[in-house]
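Residue numbering for the sequence shown follows this note's numbering, starting at 1 and increasing by one per position.
To start, the structure itself, in C-alpha cells.
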Amino acid sequence: MAFWLIICVLLAGTAALLVVPAMRHGKQSAATRDALNKAFYQDRLSELEQDEQQGVVAERPELVKELQQNLLNDIPVEQAAQAKPINRWALVPGVLLLLAVTVGFYLKTGGLAQVLDWRLVQAQMPELRERVANERAKPLSMEEIARLGLGLRTALQQDDRNINDWMMLGRVGMALNNATTATQAFAHAYQLDPNSLEVRLGYAEVLTRSNDPEDNKQATQLLRRMIAENHGDPRVLSLLAFNAFEHGDFKQAIGAWQVMLQLLPANDPRAEVIKRSIAQAKAQAGGETVKLNVTVSLSPQAAKALPTQGTLVISVTDGVSPVPVAVKQLPLSRFPLSFSLDDSNAMMPERLLSAQHQVQVRVRLSQDGLATPQPGDWFGESSLQTFSGKEQVSVQINKQVPEK
C-alpha cells in the first residue's frame with residue numbers, strides 16, 4: 001500500500017510541474033513587464049520633480065509628456081494576446097499521456113507478475129509449512145516445493161539465524177535437485193549449530209551426494225567424527241556406507257552395513273535390503289580393478305555456454321554397436337572432472353564393461369537430463385581405443401548438436 005501511495009504522490013508532483021508553470025507563464029510575463037515599466041515611469045517622475053525644485057529643469061510639462069509617450073510606445077501590440085492564460089483543458093492530454101507512459105513502462109519492466117506471485121507465496125506459507133510438518137497431509141507437488149523455497153528465502157532475509165528454516169531450505173534444494181541451494185543452506189545451518197545431530201546428518205547427506213571430491217572428503221570426515229561420538233546411530237552408518245560404496249571403498253561400506261545389521265531388530269525389513277547391499281559390495285570388491293577412468297574438460301566455447309544447472313551424460317560404446325555398453329549421469333560440477341565407470345554402470349548383464357576389448361566414450365552436457373541429444377547440447381567424444389581394465393580416457397567437450 002505504501003508503494004502505490006508513493007507512486008501516486010510522485011505522479012501528482014510530476015503533473016504539477018507540467019501544468020502549473022504552463023498556466024502561469026503568460027500572465028506572469030505580462031505582469032512582470034508592466035510592473036517594470038510603471039516602476040521606471042514613477043522613478044523618472046520623481047527625478048523630474050526634484051530637478052524642477054532645484055531649478056535644473058524649466059520645461060517639466062513637456063518632459064512629462066515625452067516620458068508618457070515613451071511608456072505608451074513600450075507597450076507591445078500583442079500584449080492582450082500574451083496575457084491570455086492557457087486553457088487548462090488543453091493540458092489534460094499531456095497529463096494523460098504522462099500517466100499512460102509511466103504505467104505502461106512499469107507494467108513492462110517493473111516485474112508486477114513476480115511481485116504478485118511472491119505475495120501469493122507469502123500468503124500460502126503457513127499452509128505449506130503445516131503440510132510439511134504433518135506426515136498425514138497431502139505431499140507437496142514440485143511447484144509447491146519451489147514456492148516453499150521462495151517463501152523460506154524471504155523469511156531468512158528477515159531472520160537469518162533460524163536453523164530450522166535453513167535446514168528446510170536445504171531439503172527443498174535436494175528435492176528440486178538443486179545441489180547449490182542444498183549445500184549452501186545446510187552449510188549455513190552447520191555454521192549456526194555445528195553440534196546438532198540433525199544438522200550434521202543433513203549436511204553430510206548433501207556432501208555425500210555431491211560430485212565434488214572435496215565435498216565427498218568433507219562428508220567422510222564429518223561422518224567419521226559422528227561415528228566416533230555415537231557408534232550406534234543407524235542413520236550415520238547408512239550415510240557412511242553409502243558414501244563409501246559410491247566412491248569405491250567397498251571394505252568400509254561392508255563394515256558399516258554389517259554394524260547396522262547387528263543394531264537392527266531381527267524382523268526389521270531393512271535387514272534384507274542391507275544384506276543385498278553387502279552382497280553387491282562384495283561382488284564389486286572382487287572386480288574393482290576393472291574400471292574405466294575418464295577425465296572430462298571443456299573447450300573455451302563450451303565453458304562460456306556452461307549452464308548453471310544440468311546433467312553430464314556419459315555413454316560408453318564398443319565401437320561396433322551404437323547401443324551403449326555402460327551409461328552414467330552426473331550433476332554438473334567443476335571442470336576438469338574425473339570419474340570412473342565399471343560393471344555397475346552396464347546397460348545389460350550380458351554386455352559388461354569388463355568384457356570389452358575396445359571402448360569409445362561420449363560425454364554430453366544436457367540441461368534437461370534426457371537420454372536423447374537435444375539441439376544445442378554440447379558434447380565430446382574420445383577416439384576408439386583398446387581397453388584392458390586400467391585405461392585412462394580423456395574427453396574434451398568441444399562440439400555442439402546442430403539446430404534443426
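No residue lacks a Cβ here, since even glycine has one placed at the ideal position from N, Cα and C.
Quantities reported herein were computed from a predicted structural model and do not represent experimental measurements.
In this structure, the beta-carbon distance from Val132 to Gly170 does not fall below 8 angstroms. Counting only runs of 4 or more residues that sit fully inside the region 317-366, no alpha helix (DSSP H) segment turns up. When DSSP states are grouped into helix, strand and coil, Phe379 belongs to the strand group. In summary, Ile6 is exposed, with fewer than 16 beta-carbon neighbours lying within 10 Å of its beta-carbon over all protein chains present. Among the bridge pairs identified by DSSP, Gln396 is matched with Ser297. About 7 angstroms separates the beta carbon of Leu223 from that of Asn243, a gap short enough to meet the 8 angstroms contact definition. Pairing Asp212 with Val290 gives a Cβ-Cβ distance that is not under 8 angstroms. Ranked by how close their Cα comes to the Cα of Asp193, the residues Leu36, Ala326, Asp165, Leu306 have Asp165 in first place. Cβ contact annotation for Thr220 (same chain, cutoff 7 angstroms, sequence separation greater than five): Asn243, in chain order. Collapsing the DSSP output to three states places Ser210 in coil. A Cβ-Cβ contact shorter than 8 angstroms links Thr311 with Pro331.
With a minimum length of 4 residues, the unbroken runs of alpha helix (DSSP H) contained wholly in the region 231-269 fall at 234-246, 250-263. The Cβ-Cβ distance between Val395 and Gly380 falls below 8 angstroms.
Per DSSP, reduced to three states, the secondary structure at Thr372 is coil, with no helix or strand assignment. Judged by DSSP in its simplified three-state form, Gln191 adopts helix.
Taking a C-beta distance under 8 angstroms as the contact criterion, Glu198 and Met167 qualify as a contact pair.
Selection Arg334, Ala189, Arg364, Thr317 evaluated against Leu384 yields Thr317 as nearest (Cα-Cα). Within the DSSP secondary-structure output, Gln385 pairs in a beta bridge with Val359. In summary, Asn230 is exposed, with fewer than 16 beta-carbon neighbours lying within 10 Å of its beta-carbon over all protein chains present. Nearest C-alpha to Phe250 among Ser388, Ser277, Val361: Ser277. Exposed is the label assigned to Arg334, since fewer than 16 other Cβ atoms lie within 10 Å of its Cβ. Boundaries of the alpha helix (DSSP H) harbouring Ala175: 163-175, taken from the DSSP string.
The three-state reading of DSSP puts Ser46 in helix, counting H, G and I together.
Fewer than three pairs of CB atoms, one per stretch, sit closer than 8 angstroms, so the region 264-271 makes no contact with the region 296-308.
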